[in-house]
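Participant: Pasting a structure here, questions to come.
Number of protein chains: 2
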Amino acid sequence: MTPDDRIWTISQLAREHAVTLRTLRHYEDVGLLSPERRGTARLFHQRDRTRLRLILRGRRLGFTLGEIATIVDMYDEQPGEVGQLTYLLEQIAVRREELDQRRRDIEDTLAELAEVETRCREDLARLDRAEDRTGPRAGEAYP
Amino acid sequence: MTPDDRIWTISQLAREHAVTLRTLRHYEDVGLLSPERRGTARLFHQRDRTRLRLILRGRRLGFTLGEIATIVDMYDEQPGEVGQLTYLLEQIAVRREELDQRRRDIEDTLAELAEVETRCREDLARLDRAEDRTGPRAGEAYP
DNA sequence: ACTCACGCTTACGTTAACGTCAGCAACGTA
DNA sequence: TACGTTGCTGACGTTAACGTAAGCGTGAGT
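Going down the list, the protein sequences come from chains A and B. The C-terminal residue of the first sequence carries number 145 in our numbering, and the numbering is unbroken. The C-terminal residue of the second sequence carries number 145 in our numbering, and the numbering is unbroken.
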């Protein structure tokens with residue numbers, strides 16, 4: 003196991019993930035990232051990079067940064083004592099239900115979009131046949 | 003086909019969906035709902051109720067009200083002309099990609115939560131065995 | 001010594017999606 | 001007729017998640 007001591011500057015990490023410097027600094031402000039400091043400059047390690055990706059995924063899912071924090075922090079929780087572990091299990095259950103609900107929502111929406119698309123294509127086909135009967139219109143480009 | 007002329011007041015609809023009156027009025031302000039008016043009072047029909055449910059689903063999915071509008075409006079688009087239909091098909095494709103991305107994100111997150119849960123339960127089991135060896139602790143309640 | 005490029009902090013600005021409050025109208029009822 | 005409920009319209013307030021701008025520091029080139 004190599005320790006993986008790659009390091010990213012703030013703008014490298016920002017470019018790679020299509021976010022602004024301000025966003026990364028903001029995530030540090032709210033405690034989601036904690037890059038090393040060399041002088042005043044931030045140095046991001048693999049750990050920060052991984053956390054950033056988890057954050058962005060949470061963001062795509064529409065979670066708030068607060069919710070994202072509870073999720074992301076689960077991943078590097080120390081074994082800890084019984085109370086913490088059962089609390090963690092509760093949190094996992096909560097998040098799982100939320101995610102299941104969202105997945106159902108997504109599947110319903112996708113199904114309905116498919117219906118709309120079908121109707122849409124039928125309408126288009128109808129219009130095509132109507133156009134055939136009236137023949138090509140003036141003003142149309144022919145090669 | 004009965005016309006389904008059920009009618010809801012604003013507070014009935016709000017209670018049923020666990021939102022505030024302000025929220026429903028706001029959705030009207032931004033054009034997502036357009037209830038009938040009897041005098042100044044709003045009267046919501048089945049159509050509004052259905053749209054509200056679509057709106058709330060979009061909200062759970064983390065879409066902005068603007069994005070929700072483009073989705074919800076797809077459902078009652080008139081057949082229209084070719085340009086509109088192909089535009090609609092494009093919009094559907096866009097939304098489908100977004101939703102697919104989100105579904106992948108959800109499945110990844112669920113898988114990782116399952117891993118965390120497994121580790122968590124293992125840690126708990128370890129602690130249980132350790133407790134067995136040290137015997138019951140003082141201060142514990144026995145029936 | 002000068003100039004970029006890159007980075008930092010501080011702090012006010014912005015947008016979305018409502019919350020909250022004041023003031024008023026209509027309506028059933030005790 | 002007084003009152004409680006329900007609903008309305010402004011209009012200002014709030015929170016999250018950054019945007020944006022000012023002013024400054026620092027190391028690599030020229």
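Where is the CB? At the ideal position from N, CA and C, for every residue including glycine.
1. Spatial neighbours of residue 85(B) within its chain, please: CB distance less than 8 Å, with the 5 preceding and 5 following residues excluded, ordered by chain position.
2. Residue 115(A) and residue 76(B): beta carbons closer than 9 Å?
3. Closer than 9 Å, CB to CB, is residue 88(B) near chain A or not?
4. When DSSP labels each residue in this structure, what does residue 116(B) get in the three-state scheme?
5. Between which residues of its own chain and residue 13(B) is the CB-CB distance below 6 Å, once the five residues before and five after are set aside?
6. Return the chain-ordered list of same chain residues with a C-beta closer than 7 Å to the C-beta of residue 6(A), the five sequence neighbours on each side being excluded.
7. Using a Cβ distance threshold of 8 Å, determine whether the region 102-112 of chain A contacts the region 59-70 of chain B, with at least three qualifying pairs required.
8. Got a sec, what are the start and stop residues for the alpha helix (DSSP H) residue 63(A) sits in?
9. Tell me whether residue 105(B) sits in a helix, a strand or coil according to DSSP, three-state version.
10. For a cutoff of 9 Å on Cβ pairs, would you count residue 60(B) as touching chain A?
11. Report the three-state DSSP secondary structure of residue 45(B) (helix, strand or coil).
12. For residue 50(A), collect the residues of the same chain with a Cβ closer than 6 Å to its Cβ; drop the 5 residues on either side in sequence, then sort them by chain order.
13. So, is residue 31(A) buried or exposed, given that buried needs 16 or more other C-beta atoms within 10 angstroms?
14. Any C-beta of chain A sitting closer than 9 Å to the C-beta of residue 98(B)?
15. Do you know how far the Cα of residue 45(A) is from the Cα of residue 53(B)?
16. Using a C-beta to C-beta distance shorter than 7 Å, which residues of chain B count as neighbours of residue 118(A)?
17. Would you mind stating whether residue 90(B) and residue 79(B) have Cβ atoms separated by less than 9 Å?
18. Taking buried to mean at least 16 other C-beta atoms within 10 Å of its own C-beta, is residue 97(B) buried or exposed?
19. Could you confirm whether any beta carbon from chain B is found closer than 9 Å to the beta carbon of residue 26(A)?
20. Any idea if residue 16(B) is buried or exposed, counting beta-carbon neighbours within 10 angstroms, 16 or more meaning buried?
21. Residues of chain B with CB under 8 Å from residue 14(A), in chain order?
22. Do residue 93(B) and residue 72(B) come within 9 Å of each other at the CB atom, strictly closer than that value?
23. If you run the structure through DSSP and keep just helix, strand and coil, what is residue 8(B)?
24. My assumption, with CB atoms under 8 Å, is that residue 105(A) sits in contact with residue 105(B). Please give the rounded CB distance.
25. Please name the residue, chosen from 102(B), 125(B) and 81(B), that lies closest to residue 125(A) on a Cα-to-Cα basis.
26. Looking at the C-beta of residue 21(B), does it have a partner C-beta in chain A at a distance below 9 Å?
27. Are the C-beta of residue 44(A) and some C-beta of chain B separated by less than 9 Å?
28. Run the CB neighbour count on residue 102(A), radius 10 Å, all protein chains shown included, and call it buried at 16 or more, exposed below.
29. Report the three-state DSSP secondary structure of residue 38(A) (helix, strand or coil).
30. Listing by chain order, which chain A residues have their CB less than 9 Å from the CB of residue 115(B)?
Facilitator: A quick look at the data gives this:
1. Same-chain partners within the cutoff: there are none.
2. Annotated as proximal: residue 115(A) and residue 76(B), with beta-carbon spacing under 9 Å.
3. Yes, residue 88(B) counts as interfacial toward chain A.
4. Helix.
5. Closer than 6 Å at the Cβ level, and outside the excluded window around residue 13(B), lies no residue.
6. Around residue 6(A): 48.
7. The region 102-112 of chain A, when compared against the region 59-70 of chain B, does touch it at the 8 Å Cβ threshold.
8. Per DSSP, residue 63(A) lies in no alpha helix (DSSP H) and is assigned neither H nor E.
9. Secondary structure at residue 105(B): helix, using DSSP grouped into helix, strand and coil.
10. Closer than 9 Å: yes.
11. Residue 45(B) falls in the strand class under three-state DSSP.
12. The beta carbon of residue 50(A) is closer than 6 Å to those of 35 and 37 in its chain, skipping five residues each way along the sequence.
13. Burial call: exposed.
14. In terms of beta-carbon proximity, residue 98(B) lines the interface with chain A, with at least one pair separated by less than 9 Å.
15. If you take the alpha carbons of residue 53(B) and residue 45(A), they lie about 48 Å apart.
16. Residues of chain B passing the Cβ test: 76, 77 and 94.
17. In this structure, residue 79(B) lies closer than 9 Å to residue 90(B) by Cβ.
18. Label assigned to residue 97(B): buried.
19. Chain B, which has no Cβ nearer than 9 Å to the Cβ of residue 26(A), makes this no.
20. Around the CB of residue 16(B), 16 or more other CB atoms lie within 10 Å, so the residue is classed as buried.
21. Within 8 Å Cβ-Cβ: nothing; residue 14(A) doesn't reach chain B, min ~24 Å.
22. In this structure, residue 93(B) lies closer than 9 Å to residue 72(B) by Cβ.
23. Collapsing the DSSP output to three states places residue 8(B) in coil.
24. Between residue 105(B) and residue 105(A) the Cβ distance is about 7 Å, and since that is below 8 Å, they are a contact.
25. Restricting attention to 102(B), 125(B) and 81(B), the CA atom closest to the CA of residue 125(A) is found in 81(B).
26. It does not: the Cβ of residue 21(B) has no partner Cβ on chain A nearer than 9 Å.
27. Taking 9 Å as the CB threshold, residue 44(A) stays off the interface with chain B.
28. Burial is judged here by how many other beta carbons sit within 10 angstroms of a residue's own beta carbon; residue 102(A) has fewer than 16 and is exposed.
29. Of the three classes helix, strand and coil, the one that applies to residue 38(A) here is strand, per DSSP.
30. Contact of residue 115(B) with chain A by beta-carbon distance below 9 Å involves 73, 76, 94, 97, 98 and 101.
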